[in-house]
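Start counting the sequence shown at 290; every next residue gets the next number (our numbering).
Structure, as structure tokens:
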Amino acid sequence: MALPKRRHSKSRRDKRRTHDTVAQPAVTTCAKCQATVAPHNACGKCGYYKGRKVDHTVKEEQKKAAQR
Ligand SMILES: [Zn+2]
């Protein structure tokens, strides 16, 4: 099996690891029900996006519970 000829320096190792961190997921709050929502996505709780109902799969009772 091939082996590296020289050991990489700490600096080179650490430079490689600068990209190893996991970025925090971007989150916003729903303007209607204040639930945590991914940006540019319809709210999963009340089905609203930019003040307009877009998700018709959300049931009315769920919507009412979200408004409370
Ligand atoms: Zn909502």
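Beta carbons: idealized from backbone N, C-alpha and C, even for Gly.
Quick caveat: nothing in here was measured; it's all calculated off a predicted structure.
Contact belief for residue i with residue j at Cβ below 8 Å, rounded distance in angstroms
i	j	result
residue 343	residue 331	5 Å
Near ligand 1: residue i beta-carbon under 7 Å from a heavy atom
i	result
residue 327	no
residue 321	yes
residue 348	no
residue 334	yes
residue 312	no
residue 315	no
Beta-carbon proximity check, residue i vs residue j, cutoff 8 Å
i	j	result
residue 320	residue 340	yes
Secondary structure of residue i, DSSP reduced to three states
i	result
residue 348	coil
residue 301	helix
residue 295	coil
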